[in-house]
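Beneath this line is the structure, given in structure tokens, with notes to follow.
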Amino acid sequence: MPLISDSIGRVLGNRYRLISALGSGASAHVYLAEDVTLQRLVAVKVLQPTFSRDERFLRRFRAEARAVAALNHPHILRVFDWGEDADGPYLVVEHLGGGSLRNVLDRGVRLDPAQVAHFGTQVADALSYAHARGLVHRDVKPANLLFDEEGRVRVADFGVARALAEAAWTEPAGAMVGTARYASPEQAEGHNVDGRADVYGLALVLYEALTGEVPFTADTTTATLRARIGAPLPRHPDLGPLDDVLARAAAPDPHSRLDAVTLAERLRAVAATLAPPAPLPLAGPGPVGSFDEATATAMAMAPPASGPTATATVAAADGPVTATLAAAPWPATGTRPPMTAARSSRSGRRRRWPWVTAAVVVALLAAAAGWVVATKAYLPSHRLPSLLGKPLTEARDLAASDHLALAVASPVHSTTIASGSVVHQTPSPGTSVKQGSTFVVVPSEGPPSVPVPSLAGGITCTVAERLLTEAHLKATCPALLAFTDSVPAGDIINWAYQNRLDPTQAPYGSTIGIAVSRGHAPVVVPTVKTQTYTAAAGALKALGLTATQAQTYSTSVPSGQVIATTPASGATVPYGSSVQVKVSKGPQTVLVPTVVNQSVAKATAAIQKAGLTVGPVYGPQGGKVFTSVPLAGQQVKPGSTVTLYTQ
3 MPLISDSIGR VLGNRYRLIS ALGSGASAHV YLAEDVTLQR LVAVKVLQPT
53 FSRDERFLRR FRAEARAVAA LNHPHILRVF DWGEDADGPY LVVEHLGGGS
103 LRNVLDRGVR LDPAQVAHFG TQVADALSYA HARGLVHRDV KPANLLFDEE
153 GRVRVADFGV ARALAEAAWT EPAGAMVGTA RYASPEQAEG HNVDGRADVY
203 GLALVLYEAL TGEVPFTADT TTATLRARIG APLPRHPDLG PLDDVLARAA
253 APDPHSRLDA VTLAERLRAV AATLAPPAPL PLAGPGPVGS FDEATATAMA
303 MAPPASGPTA TATVAAADGP VTATLAAAPW PATGTRPPMT AARSSRSGRR
353 RRWPWVTAAV VVALLAAAAG WVVATKAYLP SHRLPSLLGK PLTEARDLAA
403 SDHLALAVAS PVHSTTIASG SVVHQTPSPG TSVKQGSTFV VVPSEGPPSV
453 PVPSLAGGIT CTVAERLLTE AHLKATCPAL LAFTDSVPAG DIINWAYQNR
503 LDPTQAPYGS TIGIAVSRGH APVVVPTVKT QTYTAAAGAL KALGLTATQA
553 QTYSTSVPSG QVIATTPASG ATVPYGSSVQ VKVSKGPQTV LVPTVVNQSV
603 AKATAAIQKA GLTVGPVYGP QGGKVFTSVP LAGQQVKPGS TVTLYTQ
């Protein structure tokens, strides 16, 4: 790769003039550049020339550049342009004056929980916005967290890591794409990653900002990656109130890890319990040295090819006013005639006039710019109120009443702000802005969707409520109790969100209604009268009922036939109930007792005791019974008459 100093002064794409070097890495050089078309400062990241020969990388790089350029979030570094040059592909992004978190930490600065919770929330919001649009960063690290002059953070290099990962090119010595010190366990194991890998990397960055240490670091890259597989985040006293949040954000199992939306909410909740954060001790980027003093001096002293120029730049209310004047052209080398001593003195005076003219013009331009400032200074200022949580109509009303320009950014998901209300505003509340200025609001598009766990397979309400809570959802269990032949009583039949049965996705924080089985529907006892017991038991079993037999005498139902059931036929009973089946034994009979050789009185008492009636007595009343009709031992109906014969 060419030295970083080699490209200073070059113009990329006929538009971006490289002014100075901002930094250099294994895969790219970063320059401060001037967009000569729009006359603004930008940052240009020039990737290695190796990439220009890798068609697979170039396809991915173009696709990622377009996708990232479409991102519109206050905490994601804006991509203005991209292109390809002789030195390799390049990205043009906004230039920030506050440096990176890496610059801050490299000075030995350690941040407090309030500062970390504040900027960590901004980064998590940016990640959740990108994740909702299918973009995963893959290389969250302090060097990719940049600050503007007011301390607002931007996440840089979205899309570059993915393009590198899918290119045929690899970093020197086979190093993994992304920074190993902040890689997630699933990255270390070579698995496919999603947004939870970014959450893990951010957790380690915030840990380092608080403690000054990066966890799981070892002597080699391989050892560093292995150290985090299956390992929870080490505890540290400097984590303070962020201890639990970061432990959950850096859970080794991605399925147990917080997502970016939840991490932002947890950090925001912690920040609300702390005092307002102190300003971050930002370190401006500063150009990386690529010229020595002699070279810089020589460039400053060398006359330009087309003649001296004078440039004046003055800050005005609506931006810098810049003008450039070209003086008389310098003669070509070797064309100036020899000078005599006398002429030398006159020529010295004459040579000074272009510079005098330039100085006068500069003064006039400065005065003109001052006039612009003065004429604009009378514009009234307005202090921006907080629009957080307010509907967009209020932002539009504010813009109309205060004569401000309103820009509405692409909506983002929010778990706390209703759809159509403001999630973020720039400049921040309390900022004084001139009439005619533009302020930006980011509206909410409501909560993001989260996966709904399956509640099938014998799960009870208690288990279902726990699973849904872990998925950031609520449960109404039971929302419905229903009979079903296929699901045991107490188990879940199905679940629903807004009339969609068994949904796999639902908005964050939404309520899932759960239908619980009451078991089999009740059963009506069938009519089995006059059937045999075997037939009756079969009919009851077919309906899920259990038959029990009870025999009784009946004068109206033949023996062996069903007289009735308990509960009676037509009654509704729970499925599986027991039904008593009464079976006829036929009419009841009584055995005529033996009364031979007994007195009439004694025989009468025995017959009555057997439930029979004594009829006429033939023979002497004081005699002994010698026979009876019916005869002794015969079966007769209860109450039948027995006639006695005496002698």
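Sequential numbering of the sequence shown, starting at 3, is according to the numbering used here. All residues carry an ideal CB built from backbone N, CA and C; glycine is no exception.
Contact check, residue i vs residue j, beta carbons under 8 Å
i           : j           : result
residue 532 : residue 492 : no
residue 249 : residue 234 : yes
residue 445 : residue 410 : yes
residue 561 : residue 580 : no
residue 95  : residue 13  : no
residue 597 : residue 627 : yes
residue 207 : residue 247 : no
residue 514 : residue 477 : yes
residue 559 : residue 527 : no
residue 593 : residue 635 : yes
residue 516 : residue 490 : no
residue 442 : residue 475 : no
residue 424 : residue 384 : no
residue 539 : residue 494 : no
residue 102 : residue 60  : no
Chain-order list of residues whose beta-carbon lies under 7 Å from that of residue i (same chain, five-residue window excluded)
i           : result
residue 191 : 231
residue 300 : Note that residue 300 scores 30 on pLDDT, short of 50, meaning its location in the model is unreliable; the coordinates nonetheless yield the value given after this. Contacts found: none.
residue 336 : Residue confidence for residue 336 is low, a pLDDT of 35 falling below 50, so the modelled location carries little weight; the figure read from the coordinates is stated next. Result list for residue 336: empty, nothing under 7 Å.
residue 127 : 77 and 266
residue 182 : 223, 226 and 227
residue 153 : 100, 281, 282 and 284
residue 503 : 496
residue 252 : 202, 205, 206 and 235
residue 417 : 263, 267, 449, 510 and 511
Start-to-end residues for the beta strand (DSSP E) that takes in residue i
i           : result
residue 515 : 513-519
residue 617 : 615-620
residue 36  : 30-37
residue 548 : 548-554
residue 96  : 90-96
residue 157 : 155-157
residue 241 : Per DSSP, residue 241 belongs to no beta strand (DSSP E) and is neither H nor E.
residue 112 : Taken as a continuous stretch (DSSP letters only), residue 112 belongs to no beta strand (DSSP E), as it is neither H nor E.
Selected residue, minimal CA-CA separation from residue i, among the options
i           : options               : result
residue 541 : 126, 554, 564 and 45  : 564
residue 407 : 422, 437, 80 and 431  : 437
residue 390 : 546, 264, 512 and 429 : 429
residue 584 : 610, 552 and 556      : 552
residue 612 : 590, 625, 623 and 624 : 590
residue 529 : 509, 503, 549 and 567 : 567
residue 144 : 105, 136, 135 and 643 : 105
residue 39  : 32, 17 and 420        : 17
residue 257 : 398, 469 and 413      : 469
residue 138 : 157, 473 and 150      : 157
residue 268 : 119, 619 and 403      : 119
residue 200 : 263, 431, 46 and 398  : 263
residue 404 : 229, 606, 608 and 382 : 382
residue 130 : 556, 484, 595 and 447 : 447
Own chain, CB closer than 6 Å to residue i, minus 5 neighbours either side, in chain order
i           : result
residue 10  : 20
residue 242 : 115
residue 522 : 487 and 577
residue 629 : 647
residue 625 : 648 and 649
residue 270 : 123
residue 240 : 212 and 213
Terminal residues of the alpha helix (DSSP H) in which residue i lies
i           : result
residue 600 : Residue 600 -> no alpha helix (DSSP H), and no H or E assigned at all.
residue 402 : 394-403
residue 26  : Not the alpha helix (DSSP H): residue 26 falls in the beta strand (DSSP E), residues 18-26.
residue 53  : No alpha helix (DSSP H) contains residue 53, which DSSP labels as neither H nor E.
residue 129 : 115-134
residue 540 : 535-544
residue 470 : 463-472
residue 269 : 262-274
residue 249 : 245-251
residue 107 : 103-108
Sequence-distant residues of the same chain with beta carbon closer than 8 Å to residue i, five excluded per side
i           : result
residue 440 : 406, 407, 408 and 409
residue 643 : 614, 615, 616 and 617
Practice item. Jot down the residue ranges of each uninterrupted beta strand (DSSP E) in the stretch 475-504, minimum 3 residues, whole runs only, in chain order. Key: 476-484 and 494-499
Exercise for review: Go through the stretch 55-80 residue by residue and report every complete run of the alpha helix (DSSP H) that reaches 4 residues or more, in order.
Suggested key: 57-71
Check your understanding: Quick one: complete beta strand (DSSP E) runs, 3+ long, within the stretch 561-598?
Key -> 564-568 and 580-586
Practice item. Entirely within the stretch 181-232 and at least 4 residues each: give me those alpha helix (DSSP H) ranges in chain order. Key: 187-190, 197-213 and 223-230
Exercise for review: Would you list, in sequence order, the uninterrupted beta strand (DSSP E) runs of no fewer than 3 residues that lie entirely inside the stretch 409-460?
Suggested key: 424-428, 434-436, 440-445 and 451-453
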